[in-house]
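A short write-up of the structure that comes next.
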Amino acid sequence: MVALSVLDLAPIVVGGSAADAFRNTLDLARHAERWGFTRYWLAEHHNMPGVASAATAVVIGHVAAGTSTIRVGAGGVMLPNHSPLVIAEQFGTLESLFPGRIDLGLGRAPGTDANTARALRRHGDLDADSFPHDVMELLTYFREPSPGQLIRAVPGAGLAVPIWLLGSSLFSAQLAAALGLPFAFASHFAPDLLHDALGIYRAQFKPSSTLAKPYAMAGVSVFAADSDAAARRLFTSLQMQWVNLRRGRPGPLSPPVDSLDDFWSAAERAGVEHALRYAIVGAPDTIARGLEAFAADTGVDELMITAQIYDHAARLRSYEIVARSI
88 MVALSVLDLA PIVVGGSAAD AFRNTLDLAR HAERWGFTRY WLAEHHNMPG VASAATAVVI
148 GHVAAGTSTI RVGAGGVMLP NHSPLVIAEQ FGTLESLFPG RIDLGLGRAP GTDANTARAL
208 RRHGDLDADS FPHDVMELLT YFREPSPGQL IRAVPGAGLA VPIWLLGSSL FSAQLAAALG
268 LPFAFASHFA PDLLHDALGI YRAQFKPSST LAKPYAMAGV SVFAADSDAA ARRLFTSLQM
328 QWVNLRRGRP GPLSPPVDSL DDFWSAAERA GVEHALRYAI VGAPDTIARG LEAFAADTGV
388 DELMITAQIY DHAARLRSYE IVARSI
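Heads up: the sequence shown at position 180 corresponds to 267 in my numbering, and the numbers run straight through without jumps.
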């Protein structure tokens, strides 16, 4: 049995608001808790009109306060955008408020375009090469303070918040292996290096005080409905969102449509189908077979399910089908 978790971008839909997105996020988290999902993660993105989870730690607090048992965390915080000390204090605060329930997933990409990244960081350095150093610094802040340590995370010191490394390439797989940390691969939008990254992570893994053996997660987009046709229709919202992003026109999540023939070019369609090739779309039997096959093919310990579905009731139904499929 592979563990199932939720990745939520707190989607802002056409005709909706960020406030609506946050209400829907909390409602989905409460349902996910009842359905037995392991954790509920939110992702940091900026300058994205269709994503409400930019202030990721704040939304995590909102979800954790409205639930009671499910783990809640970041999938992830884009560490180059922040001081490691600030992140340690934020997640130390969350862990103090909700002990034993907080995860901190770290990414090295900006989670936005270059201009927005500069606005976030307030300087021109967009080099992610400092990521390993920043991860090490952050790990230090969560340990018990050393004698004479000048800078401490308060709260944070000694809380040992679980840290995950996230990636869509080989870099974070190597770093997670070297540090003995759990690793999550973003195969829901960057499928090409999935197997290579998992292979490197497992082959190079060094046991640590955190993990005795590798623990890997993979992201999967799942669009489930009571029929294959209904699920394929729900999927068009994500397909349109992906094309609009590539056209440089990101926007709120659009309602689904019956056909995309007049929406995209052949090249755009091929690009979307390539990027989203691990998406599992269909009725309950289709979903069960797809998840089983993906889990068997990758050997991952956990699947992180994401679903950019316009209608909230349909999104709830999709996750309910997923929960009952494994």
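Built from N, CA and C at the ideal position, the CB exists for glycine as well.
Segment contact: the stretch 270-284 against the stretch 247-256, three or more CB-CB distances shorter than 8 Å; contact assigned.
A Cβ-Cβ distance of about 25 Å is found for the pair D95 and P171, leaving them out of contact under the 8 Å criterion. A straight line joining the alpha-carbon of A370 with that of R320 spans about 12 Å. Per DSSP, the continuous beta strand (DSSP E) segment holding S92 begins and ends at 90-95.
Every alpha helix (DSSP H) stretch that sits fully inside the stretch 322-364 and reaches 4 residues is listed by chain position as 353-362.
With a cutoff of 8 Å on beta-carbon distance, I408 and R402 are scored as not near each other. By the Cβ criterion, the stretch 138-155 is not in contact with the stretch 232-243, since fewer than three pairs of Cβ atoms, one from each stretch, lie closer than 8 Å. F381: member of the alpha helix (DSSP H) spanning 371-385, first to last residue. Taking C-beta atoms under 8 Å as the contact rule, P167 and F218 qualify, at a distance of about 6 Å. With distances taken between CA atoms, E120 lies nearest to R188 out of R188, H133, P278. For F310, no alpha helix (DSSP H) segment is defined; the enclosing uninterrupted segment is the beta strand (DSSP E) at 303-311. For T393, the three-state secondary structure derived from DSSP is strand. For V307 and R205, the gap between their C-alpha atoms comes out near 30 Å. Around the beta carbon of P186, a 10 Å sphere encloses fewer than 16 other beta carbons of the protein chains shown; the residue is thus reported as exposed. Assigned with DSSP and collapsed to three states, D114 falls in helix.
Taking C-beta atoms as the reference points, G162 and W122 fail to come closer than 8 Å. DSSP places M223 in the uninterrupted alpha helix (DSSP H) bounded by 218-229.
Looking at the backbone, the Cα of R195 and that of V164 are separated by about 9 Å.
Approximately 6 Å separates the beta-carbon atoms of A303 and L285; this is inside 8 Å, confirming the contact. Residue pairing of M135 in beta bridges, as defined by DSSP: absent, with no partner found. The closest CA to that of G338, considering only L91, A105, V100, I367, is found on V100.
Restricting attention to beta strand (DSSP E) runs no shorter than 3 residues, the stretch 142-216 encloses them at 158-165, 189-194, ordered along the chain.
Inter-residue distance for L113 and A383 is about 31 Å (C-alpha atoms, whole angstroms).
Here the alpha carbons of D349 and D190 stand approximately 42 Å from one another.
Comparing alpha carbon positions, the residue from S92, R117, L193, L262 closest to T143 is L193. H169 and E360 have their C-alpha atoms spaced approximately 33 Å apart. L390 sits close to V89, with the two beta carbons spaced by under 8 Å. For the set Q261, Q328, F124, the Cα lying nearest the Cα of G358 is the one of Q328.
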